[in-house]
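Asker: Take this structure first; my questions come after.
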Amino acid sequence: MYEKMNPLEIKYYCFLKNDIYMLLVHHTKILLFFYKISKNRKYGILLRKLLLFYRELLFNKLNVKDVYDEILNSIYIKLMNIIKSNNLCILIKNLKTRNIRGFDFFNASALFKNGESFLAVNTGVFFLSHTLVKSIGILLMKNISGEKLPFPIIFSDKFLMKEFIKTTSAIICENHSKARYKMGIIINDDHPLLFGIELFCVAHEYSHLLFKNINNDYSLLNMDKYYNSNLIGLIYSNEEIAADAFAIIIMRHYIEFDDYMDWFLYSPQFLFKILSNCDEITLYPQSKTHPLDIDRYNYIKEMININKYNIYDNEINIIWKKCKKRVNNIFKKYKNNNKIYFPILEEIFNLI
Ligand SMILES: [Zn+2]
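Here the sequence shown is numbered in the numbering used here, starting from 46 and rising by one per residue.
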């Protein structure tokens, strides 16, 4: 079924499979339904030609090429500067950064290969950070500051809420085509909430590499200067928690955004607040390698320890309450398509 694609394209295609299948089902549902009831082979082969053509169009349209490599690189340089100027820890030698294409995970990883260290971040991390900040992030800032923003149509509650629903649906259904809206035009790439999420993800992965270099001896990192003994116990018990904790310490040393410091430091709490809300709907399969989103939200909140962020969280809860039902409906539709129409698509693609 992957004819005409080279191995690299097949890999990218697999990352985008859900997006492509959802769009194929959306636009050809009736045609697929006819195949389902008739099982007519000739018709199936004809339909296959159409679907292959359409699939290629979608693949070319959705495949993002290298757009985040530059962002990852600039975040990494800033991370190095914070570490160096505050003497926070050792600098890892021969470290290479790599942006991995694909949206299917809100994920990043630290890799060791042939004596070299790689810090790899999935495109989904950047993509979802952008879409989250550009929808609910703006709504949240607008509601909390009470400020009137320019461009009332772009910044209307209704519009931002709609975009937030698309973004959370993208996370939940792993179908991101809905959330690809006007990225880049509403807020700058260096917005503190957005930069905060990205820096947190990169710093978390850097921490894993760092721990490997110091044989997981966390006592060398002076984390007890920042956290109480309960938290230190928790941090020492699990490498993922330690990586979150050290990422937050790195963030605390970033002081460039004086005016926006509030939003910058709030960003990891913001991220896990939203991810744990999404988990409520789906019982979204949890990563085997990281703690549950709700647990991460709880300890990250304690690590950041800024009381006024409770107000921000409450505001997210209010917005979420208004959106939850619609996100749930989208999820139900996705599950239904996945169960009924995805197998039909596979069957037609396999007709020869
Ligand atoms: Zn991790």
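Note that beta-carbon positions come from the ideal geometry of N, C-alpha and C, so glycine has one too.
1) Does Asn-350 pass the burial test, meaning 16 or more other C-beta atoms within 10 Å, or should it be called exposed?
2) Thinking C-beta only, is Leu-164 closer than 8 Å to Tyr-263?
3) What's the C-alpha gap between Arg-341 and Arg-100?
4) According to the Cβ coordinates, are Met-186 and Trp-308 closer than 8 Å?
5) Can you tell me whether DSSP reads Thr-168 as helix, strand or coil?
6) Rounded to the nearest angstrom, what separates Pro-237 and Met-306 at their Cα positions?
7) As a quick exercise: from Lys-62, Leu-61, Ser-214 and Asn-267, pick the residue whose alpha carbon is nearest that of Ala-287.
8) With a threshold of 16 other CB atoms inside 10 Å of the CB of His-249, please say whether the residue is buried or exposed.
9) What is the DSSP secondary structure of Lys-87, counted as helix, strand or coil?
10) Might you give, ordered along the chain, the residues of its own chain that have their beta carbon closer than 8 Å to the beta carbon of His-335, omitting 5 neighbours on each side?
11) Assuming Asn-382 and Val-170 are in contact, meaning their beta carbons sit under 8 Å apart, how far apart are those beta carbons, in whole angstroms?
12) Is Ala-292 near ligand 1, judged by its Cβ being under 7 Å from some heavy atom?
13) Rounded to whole angstroms, what is the Cα-Cα separation between Leu-77 and Lys-211?
14) With a CB to CB cut of under 7 Å and the five nearest residues on each side skipped, what residues in its chain are close to Pro-388?
15) Buried or exposed for Ile-363, please, with buried defined as at least 16 other CB atoms from any protein chain shown within 10 angstroms of its CB.
16) Please identify the residue among Lys-270, Phe-209, Tyr-281 and Asn-118 whose C-alpha is closest to the C-alpha of Val-166.
17) In this structure, how does DSSP classify Phe-163 when only helix, strand and coil are distinguished?
18) Have a look at Ile-127 and Phe-315 and give me their C-alpha separation to the nearest angstrom.
19) Which runs of the alpha helix (DSSP H) at least 4 residues long sit entirely within the stretch 255-301? Give them in chain order.
Answerer: Short version:
1) exposed
2) Not in contact: Tyr-263 and Leu-164 (Cβ atoms no closer than 8 Å).
3) 38 Å
4) It is a contact, given that the beta carbons lie within the stated cut-off.
5) helix
6) Near 7 Å, if we compare the C-alpha coordinates of Met-306 and Pro-237.
7) Asn-267
8) buried
9) It is helical.
10) Glu-285 and Arg-341
11) With 8 Å as the limit, Asn-382 and Val-170 do not qualify as a contact, their Cβ atoms being about 26 Å apart.
12) no
13) 25 Å
14) none
15) exposed
16) Asn-118
17) strand
18) 22 Å
19) Taking only runs of at least 4 residues, the alpha helix (DSSP H) segments lying wholly in the stretch 255-301 are 274-282 and 284-297.
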